[in-house]
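In this note's numbering, the protein residues as written are 17 to 180.
Structure (structure tokens):
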């Protein structure tokens, strides 16, 4: 079921997720019904590649929107897609989720998150790089991300999702 509100879209899907919601972005695709998934791919309804979430997160970032939220609710999966919201109006949870998903997206692209990539994601100007540093510090404090090399100089620091 899809519900549209003034500030968000909620997508509810019966069935518990087959992978942890924090790993939607990097997990290999799994289908409940392989025969149906294969048929839907052959008739052009889906790709059956497991790249849908990657595309959603990438588009959300390209338009500098708040990060989507994925929830397992009992035996259902719920996804929230949010409308435009300034960074200073986002909750800490929203900011940390955005930083985490940015790190995940960079990871699946065989790259790292940096202060520069995070500034690009949020549209933060170079002279405000400390804003991006604060976002990174927030995400580190919540164990959402980790440094690739903790001994690197601050300006050379690169980050990965916490699970890598």
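Just so you know, even glycine gets a beta-carbon here, dropped at the ideal spot from N, CA and C. Owing to the predicted nature of the structure, the values given are computational and were not obtained by experimental measurement.
What residue does the alpha helix (DSSP H) around residue 176 start on, and which one ends it? Counting along the chain, residue 176 falls outside any alpha helix (DSSP H), though it belongs to the beta strand (DSSP E) covering 175 to 177.
Please state if the CB of residue 35 and the CB of residue 43 are separated by a distance shorter than 8 Å. In this structure, residue 35 lies closer than 8 Å to residue 43 by Cβ.
For residue 144 and residue 138, the rounded distance between their alpha carbons: Approximately 11 Å, taken between the alpha carbons.
Between 168, 151, 118, which has its C-alpha nearest residue 71's C-alpha? Minimum Cα distance to residue 71 is reached at 118.
Just the C-alpha distance for residue 135 and residue 148, rounded to the nearest angstrom, thanks. Whole-angstrom Cα-Cα distance: 6 Å.
How many Å lie between residue 103 and residue 51 at the Cα? Looking at the two C-alpha atoms, the distance is approximately 43 Å.
Which runs of the alpha helix (DSSP H) spanning at least 4 residues fall entirely within the segment 65 to 135, listed in chain order? Within the segment 65 to 135, the complete alpha helix (DSSP H) runs of at least 4 residues are 68 to 78, 108 to 124.
Just how far apart, CA to CA, sit residue 159 and residue 61? Residue 159 and residue 61 have their C-alpha atoms some 38 Å from each other.
Going by CA-CA distance only, name the one from 80, 130, 55 that's closest to residue 150. Nearest of 80, 130, 55 to residue 150, Cα basis: 130.
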